[in-house]
Each structure stands twice: as C-alpha cells, then as structure tokens.
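At position 524 of the sequence shown (counting the first as 1) the number is 524 in this note's numbering, and the numbers step up by one without a gap.
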Amino acid sequence: MKTKTIILSTNLVIKIFKQTNKKLTNVNFNLIKTTPEWLSTFSQSFELTTINHNQFTLSKKELHNYQANLFNKHQHYFKTLFHKANQRFIIIFILVLTLSFGLGIGGWQIYKHLNSGPTHLDHRININNDGGDYYKAQGIIQNTSSNQLRSAVQHIPNLNPNLQSAINDQMTILSTSDSLQYDGGYHLMKININANNSEIFKGSTIITMNIKANKFDISMLDGDFTHDNTLHIANIDSVSLLNALKLLPNLNPNLASALRETGIQVNNINGKVINDGQPHLITFTLDANNTSDFTGQLNCQLKLTSDKFDISNLKNDYTSSPPGKITDTSFNSLVYLITSVSNMASQLIAVVQDSHVILTTTSPLPNDGESHLFKVTINANNTLAYTGQLTVTLKAIAGKMDINSLSQDLTAKPPVVEQNTNPTSLRDALQKVQGINQTTLNVLKESNLLISTHSNLPDDGLPHEIDINLNAYKTLDYTGTATIKLMTKTIKTDITNDGGNYTSYGNIISNSVDSPALIKALKQIKQTNPVILSAINDPKVIVSTTSKLPQDDLTHDIVITVDASQAVDYSGVATILVAMVYPKTDITNWNQDLTSSPSIVEPDLNSNELLDALTKVVGLNPALKNILTLSGVTITTNSKLIYDNAPHPVDIIINANNTEHYKGQAKITLLVVATTIDLSYFSGDYSQDGSYAINGTSQAQLITAINSDTKMNPVIKTAVNTKGIIVATTTKILPNNQPTIAQITIDGTNTKTYFGKAIIKLTVKNNANDPFTIKIGIIKSDSFNGTSSSWYYSQSENFVDYLDYADSMDSFAKKYPTTTINISGDFYAWKEKKYLSVVTVPTSTIIANHANWFIDLKVGGYFVSAQQLIEFTFGIYNNYYDSSQHHNLYWQYTINEYSTTCDEGVSYNLNIDSISFSS
Numbered sequence: 001m002k003t004k005t006i007i008l009s010t011n012l013v014i015k016i017f018k019q020t021n022k023k024l025t026n027v028n029f030n031l032i033k034t035t036p037e038w039l040s041t042f043s044q045s046f047e048l049t050t051i052n053h054n055q056f057t058l059s060k061k062e063l064h065n066y067q068a069n070l071f072n073k074h075q076h077y078f079k080t081l082f083h084k085a086n087q088r089f090i091i092i093f094i095l096v097l098t099l100s101f102g103l104g105i106g107g108w109q110i111y112k113h114l115n116s117g118p119t120h121l122d123h124r125i126n127i128n129n130d131g132g133d134y135y136k137a138q139g140i141i142q143n144t145s146s147n148q149l150r151s152a153v154q155h156i157p158n159l160n161p162n163l164q165s166a167i168n169d170q171m172t173i174l175s176t177s178d179s180l181q182y183d184g185g186y187h188l189m190k191i192n193i194n195a196n197n198s199e200i201f202k203g204s205t206i207i208t209m210n211i212k213a214n215k216f217d218i219s220m221l222d223g224d225f226t227h228d229n230t231l232h233i234a235n236i237d238s239v240s241l242l243n244a245l246k247l248l249p250n251l252n253p254n255l256a257s258a259l260r261e262t263g264i265q266v267n268n269i270n271g272k273v274i275n276d277g278q279p280h281l282i283t284f285t286l287d288a289n290n291t292s293d294f295t296g297q298l299n300c301q302l303k304l305t306s307d308k309f310d311i312s313n314l315k316n317d318y319t320s321s322p323p324g325k326i327t328d329t330s331f332n333s334l335v336y337l338i339t340s341v342s343n344m345a346s347q348l349i350a351v352v353q354d355s356h357v358i359l360t361t362t363s364p365l366p367n368d369g370e371s372h373l374f375k376v377t378i379n380a381n382n383t384l385a386y387t388g389q390l391t392v393t394l395k396a397i398a399g400k401m402d403i404n405s406l407s408q409d410l411t412a413k414p415p416v417v418e419q420n421t422n423p424t425s426l427r428d429a430l431q432k433v434q435g436i437n438q439t440t441l442n443v444l445k446e447s448n449l450l451i452s453t454h455s456n457l458p459d460d461g462l463p464h465e466i467d468i469n470l471n472a473y474k475t476l477d478y479t480g481t482a483t484i485k486l487m488t489k490t491i492k493t494d495i496t497n498d499g500g501n502y503t504s505y506g507n508i509i510s511n512s513v514d515s516p517a518l519i520k521a522l523k524q525i526k527q528t529n530p531v532i533l534s535a536i537n538d539p540k541v542i543v544s545t546t547s548k549l550p551q552d553d554l555t556h557d558i559v560i561t562v563d564a565s566q567a568v569d570y571s572g573v574a575t576i577l578v579a580m581v582y583p584k585t586d587i588t589n590w591n592q593d594l595t596s597s598p599s600i601v602e603p604d605l606n607s608n609e610l611l612d613a614l615t616k617v618v619g620l621n622p623a624l625k626n627i628l629t630l631s632g633v634t635i636t637t638n639s640k641l642i643y644d645n646a647p648h649p650v651d652i653i654i655n656a657n658n659t660e661h662y663k664g665q666a667k668i669t670l671l672v673v674a675t676t677i678d679l680s681y682f683s684g685d686y687s688q689d690g691s692y693a694i695n696g697t698s699q700a701q702l703i704t705a706i707n708s709d710t711k712m713n714p715v716i717k718t719a720v721n722t723k724g725i726i727v728a729t730t731t732k733i734l735p736n737n738q739p740t741i742a743q744i745t746i747d748g749t750n751t752k753t754y755f756g757k758a759i760i761k762l763t764v765k766n767n768a769n770d771p772f773t774i775k776i777g778i779i780k781s782d783s784f785n786g787t788s789s790s791w792y793y794s795q796s797e798n799f800v801d802y803l804d805y806a807d808s809m810d811s812f813a814k815k816y817p818t819t820t821i822n823i824s825g826d827f828y829a830w831k832e833k834k835y836l837s838v839v840t841v842p843t844s845t846i847i848a849n850h851a852n853w854f855i856d857l858k859v860g861g862y863f864v865s866a867q868q869l870i871e872f873t874f875g876i877y878n879n880y881y882d883s884s885q886h887h888n889l890y891w892q893y894t895i896n897e898y899s900t901t902c903d904e905g906v907s908y909n910l911n912i913d914s915i916s917f918s919s
C-alpha cells in the first residue's frame, strides 16, 4: 500500500462533500474507494490515503446503506461548522452595535462641545479697559486703513503697555468711523482697537487722538481771485498762470506751498488776454493730484492784464485839439508835442517817454506861424510796457514850445537826497526823481533855463516837500513856466536792511540774470520794498548776482545784490533772494510744411538720413536747424519711403524733450525721393501701345522693343539700359512675325539703383529664323517569344502648325529646310541587333497626306520551317486633304513583329525624343 498526503483548503473539502452523493449515485460498477481513517475536523489538515487493490463489490441495497452511514459519519462536522459560523455572526453583530453606539455618544459630545462655547480657562490679556482719550497726541496718516491707524497710535506717549503690545500685534484690527479731513488741520478721531483675533490679547477698546491727513485738499480753498489786484502777464500758459498766482497778495499758505510742487498742473484754461491794458477774466483748473503733499482740484478765476499795452487801437485823430508849438521835428520836439496836446491818451503820453520808443514823421512844418496838420508815427514794439504802432494826426505850429503843461506833482514818489536848494541841486533833484516827464528832462538841458524854489530844506534828514520853478523864456526853443513838486531830504537812504526773501512771492520767468533782467524781476514782484524800487532806478546803483540760472524749466534761488555805495541818494548793500525760472524753449509751435521746397533724395528714412534731409531742405527754421545735432534730440518718422522715383511727403518728428534747453516736439513735412527704385511699382500693361518687331527673344531684342514704345514709363526705359539689369520673358513668342502679347520681367536685383521686379505686357512680332524643337517623348520597349508570335503597332500625332512659322508649307520648308529626328534605340531578331540614331532629312521631303518613311529598319531572317522579323518605320506628313487639319504636320511610327519556330525571342528598345527644324 502506497500513501500520499495532500493538504486541501476547507472550501475545496466542502465542495467535494457537496458533489460526493451525486457521484456515488452515478457509479455503474458499484465500486467505491474507502479509507480506514476519519476525515479531520473543520479547520484542521487531513490526509487522504490511497489504497491499492482494496475494492469491494456491493449490491444496490448495500450501497444505499453505505451512503446513509457515510453521511451520518460526517454529520457532526457540518453541525460543528455551522454552529461556529452562527457564533461568529452573533459576535460581529454585537461589535457593530457597540461601535455604532460609541460613535453616536462621541458625536453628541463633540456637537455639545462645539456649540456650548469654551469651557476652558482663557488666559489671554483683556484690553477692554485700556483705552482712553489722548487729546494732545497727534498723528499724520494717508488714509484710515488699519496699518495707517496703527502707525499713528504707536506714537502716543504713555500708552498702556498691554494696549501698546496689542496694537503691535498684526492680528489686532484698528478701524474708525470718522472721516479723514484733508484740510491741513488736526481733528479728533475715535479709533477702535479690536484684539479678539489675537492669540495673546482679547477684547476691544477705543482711543481718541488728533489726526491730520498727510495731504491737503486744495478743492476746499476759494479759487476766486478776481477781487485781488489785477496781475500782468505776458502769455496765457501753465507756467505763466502759476507765476501769476504766486504773485497774488495774501495767498493762502497751503495754496502757496502747492504752487511750488513740481507735480502741480494747470488744465482747462479758458479766456484770452488782449493787449488793451484792461483786465480780462481767465478761468482754469489747478490739479494737485500728482503732487506729494496735496490732492484735489481747484477751479480758479482771476483777472489778468497783458504785460504790454497795444497802442495800435487807440485814438489817432487829435485835429480837434488846439495846436502845439514845436521848434523842429526832432525826437524831443515830437515828445513834447504829443505830451502837450490836450485830450491825448494817457498811454501815448507814457509810451513816448520810454527811451526805446521810435517817433518819426514825414510831415513838413513851415515856419509861417500857421497851424498845420501833422502826422507822427509812434512805434512801441521795443518798449518795455507797450507794443504796436500808431500814427496820430494833430495840429502843430512852428515856434517855441510852451512848458506850462509840464507842471507835475511828484510828492508821492520816493524822496531824493540833496544838500541844499541851489539851482544845481534843484536840477539834480529833478533828474533823479521818479516819474518826471521826459520833456522836462529835455528842458533841463537848456543852458538859459532858470531853476529856483521858495521852499526851505531843513537839515534834519527827513523828507520835505519843495516846489521847483522852471522859467524858459530865455531859452532858445522853449517858453513859459512850470512848477514841479517833489520830496527831498538832506541825507542818503541806507538800503542795507531793505532786502529779504521773496521766494514765496512766486517764480520770476527770465532768460538772463544780467542787471536789466534782475531789475525787471524786482519790479515784477509787487512786494518788493519801495526803497529798493526807488534805489534801483539810480544808474549808480549796481544790481548783480553770482547765481546761475540754467535753462531747465526748474526753479532756482537767485541771490540779488543791490549795491548803492556809489549812489548819490542811497547807501549800503541789500541782499534779496528771489525764485527764478529759465523756461526751456518750447519747439511745439515750430512746425513747418516744406512740401513747396525742392524734394530731397535719400536712400532710407533712418535717423541719420532724416537728419541729412533736414539739413539739406530749403526753408527750414534756422533756430530749429541749430538744435538738430544737440544731445538728446531724436528725429523719427512714421512715414514710409516709397521707391517709385517720385517725391512723397514725409512727416519728420523732432523731439527735444530730453535736451538741456529745449522741450516739445516739432513736425516738419518735406518731400523725399528714394535714391533706389523698386521696379515693382512700375509694372503695367503696354500691350495696346502698338506692336514692336524683334529678332528673337534675347535680352537685347526685348530691350529694343521696350525702348521703341514711346508710351513706356521713363523709369522702365532707364532701368532696362542699366548695367546688371535682367530682362526676360517666359511667353512663347513664335518666329512668325505675328503680334504676340509677351509678359516681360525686368529684374533689378543685381543693380545698384534698382531692386524688385517689374512685370510688363508688350505686343511684339518675332521675325527670327531661330531653330525650334518639338518634344515627342516616346520611350517604349518590349520582347516576344520566338515560337509563334505576331504583333503590329502604329501611332501618329500632329506636332506642329506650320502657319505659326510661315504662311505656307513651301515657305515653312524654305525657312526651315532641315528636319532632324532625334531618335535612338535597338531592335533584336534572328540573333541580330540593329540600332537607331539621329536622322536628318530635308523638310521639303515631307509630303502631303501620306507619311514619307524617313526611317525603315528591318531585322530578321527565315529558314525552311522557321522565320523571324521585326520592322520599325518612322515618317512625317502633312494632312493636306483634311481642311481643318491641313496646316498641321504629323509624325507616325509603326512596329511589326512576326516569329515562328525560333529558339530565341524578339525584343526592342525605342526612344523618340524630339523633332527639330532649322535653317
């Protein structure tokens, strides 16, 4: 007996048990294998023992009993198995129930914990009672964000330490419901401090302190300045308006500071200043949003008077006034005449006394004691306060000039210094006093003029009024008397303490810091000390500075020194600080249209070529030409250079914003012609101009045809005769003297002057006898057996219309007498090979209607019972009898093969390439 042990899984054993009964009932031979051992219990390994030759033969009854005993024998195993499975199910059910109950209790506890609030002890520091009022504390902020409020609160002295720490905690939130006021002042603000999000602190509190916005809102100010003194202005622009505002008296300090900001802007300027000496309303918007310390916009309005008065609109007819007496038509006499005429405009009286006025007349003045109409032209363009030109008409009599009208009261003017009242001192006083009539100064030059006074001049250093009498009866040119009242004193005026800082009164626009410019600046500032204003009129008072004034549009402090040490009436040295600006020269209005000037030739529109064009163009503003090469100047254009050999307008932009002394942009428009020409601009159809004879299609012949066309564009004619040009055509132009529209390409790539390609259409007639070739292109090869084969092949096609080349077949044969058949190949039969080669025949041998076989090649042989043959023929003919095809030439070839009882086959190779006709 042989034993074998097998380990099986429980599932397999159960499966075997389930199948056992079925298998046993199907046993036909009533045989069964048994083992002496019982099966092991569930979940334990068991052994199956195979017993050889241990078989029993059973009856059906015995077999039934055996089956019953076998089931009973294993019944306890199933009971044990199912009993244990039931126990496990109960245990698992109890565990699941217990787990669910535990999860339910745990979830309920978590829910109660989350919704019942903290039950643990909070150790965070409470700041609820740490707030307070800090009225003396001040802070400056940009806005009311938490960080800005934090920065303000952190500077409060004596702040509760816990609150200070809580504020420093970034989780603490600071806020306020009060508005931040941009009025430049401090305002109480309640700041809420919430520390509930902090890990160290809790609670909230409120502190009160003074807060100011870091910017001042100028929109809160009054922008109506029409009630202030009228200001004088030269131009209505941003810089001039800002300077005008700075000169206003009693200007709000905040606005004065805002005007000095570099980011201040002037927008929406409305109004116009007329040179009529009258104030005019100007409105504009002052924008401080781009400044560092201010914000908002202020709508301003003020009245401005032009710096200069235009005299050209004044009254010019004074013929109704009494005539004035003058001795001659000299300048001084004309001044006297105008100032002495009654009802004369005050502006004219003032302007003629300006040393820069020009007075002219062409009217004669007869010395006949009669009144005559007299015209005087007044040119005020060179004066300081006036402009324009006016010709006045008045009456004049030749005679001595009466000085009665020269009496003046100048007591409101600054006093002059004189030691006594003798005639020399009185004359000197009149020459120094401000506001004296120019004619009076001229009268003072008369040698026989009597000057006297009845007034006393105490030597007390105080100003006193004196009357100075002038008697001109003994002078040569004058008559009458005049009295001048003025203030005088016996000691000099010390100006040492009369200087000051005038930078807050606005920026003075100037292009120089020489003495006249400095004097003008001091007079422009209305707050200048009157003593200084009087002193600087003394020619011996020196006004100077060592400060520099760059032309950069920026404000510069200029220290002005007024030195009166050499003056007669003044002493000491005064120092005055003023703010001056030397504006950059704005080229914005320097635009020019120079398209009427001769065009400029340039190869390109880069910056160098644009500069070259500007330097060569006729009529460019000399001032603009002078800045072209300055550092920082950029020259650009958005125009495109058109290479068509014609002038085209080009807009050149000159940008001077990066230069030292200039700003703005100027646009110059001029005509530019490209030095190189793009031939593609000149493509065109000239096929209707006529037909032009050529002898072949070579470049020279095509150029001849182009030059023959009188309507051809001159640029094309010039181009085709340029070295390096390529002229060609792809159009098939038959040499039949028939008009053909040819497409001709003119390529300028290889030239220096041209580029691109022009494609033109031109009608030409080709009279050439040039040979021509017709492509056939037949390539064939084949082989046949030698036993029994028979094959015939023929092919024909028309290949040329002789009327394209001549007017008849005879003419064609005379024009092209030689026909060449370009052919090659070989034919093999009867163990022999023959070859084809090029064949040349007379064209005249081409016959009508039937082919003339120019080639007839035969290879073959025969014997008593065997034969083999291959034949090739090629011919050309004219299908004369077909009226629709009679002018066509045809080619035709045939191949004929026949073999019987041969031990080798037939083969051939054929290549019919082309047919050529030549003279």
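For every residue, glycine included, the Cβ atom is placed at its ideal position computed from N, Cα and C. Since the structure is predicted, the reported quantities are computational estimates derived from the model, not experimental observations.
Which residues mark the beginning and the end of the alpha helix (DSSP H) in which residue i is found?
i    : result
Y336 : 331 to 340
A429 : 423 to 432
P714 : 714 to 720
N645 : Note, N645: premise wrong, no alpha helix (DSSP H); not H, not E.
I920 : Not covered by the structure: residue 920. The range shown for the chain is 1 to 919.
S691 : Unbroken run through S691 is the beta strand (DSSP E), 691 to 694; no alpha helix (DSSP H).
E904 : Element bounds for E904: n/a, residue is neither H nor E.
Mapping DSSP to helix, strand and coil, what is residue i?
i    : result
T41  : At T41, the pLDDT of 44 sits below 50, so the modelled position is not reliable; the number obtained from the coordinates is stated separately. Coil, per DSSP.
L624 : helix
M344 : coil
T773 : strand
D553 : coil
G184 : coil
V352 : coil
V541 : coil
T5   : Low confidence applies here, because T5 scores a pLDDT of 49, under 50, leaving its location unreliable and the question unanswered by this model.
Y908 : strand
Which residues does DSSP pair with residue i in a beta bridge?
i    : result
G324 : A396
P739 : K765
W791 : E897
S914 : K775, N822
E797 : W891
Y662 : T585
T362 : None, per the DSSP bridge assignment.
V839 : I821
Smallest Cα separation from residue i: which of the options?
i    : options                : result
T439 : K215, A482, I156, P322 : A482
V531 : I560, G499, I542       : G499
Y386 : T98, K308, I207, N422  : K308
I915 : I778, Y898, K833, Q885 : I778
Can you give the Cα-Cα distance for residue i and residue j, rounded to whole angstroms?
i    : j    : result
F284 : D224 : 11 angstroms
Y881 : F812 : 18 angstroms
Q551 : V513 : 11 angstroms
D569 : L304 : 35 angstroms
K413 : L486 : 7 angstroms
L450 : P415 : 22 angstroms
S789 : E871 : 14 angstroms
V720 : I654 : 40 angstroms
A567 : V541 : 6 angstroms
I920 : S330 : Because the chain here runs from 1 to 919, residue 920 falls outside it and cannot be looked at.
Could you check where the beta strand (DSSP E) with residue i kicks off and where it finishes?
i    : result
F812 : Careful: F812 lies outside any beta strand (DSSP E), inside the alpha helix (DSSP H) at 809 to 815.
T311 : Looking at the sequence shown, residue 311 is not Thr but Ile. Neither: I311 is in no beta strand (DSSP E) and is coded neither H nor E.
S195 : One detail in the question is off: residue 195 reads as Ala in this sequence, not Ser. Element bounds for A195: n/a, residue is neither H nor E.
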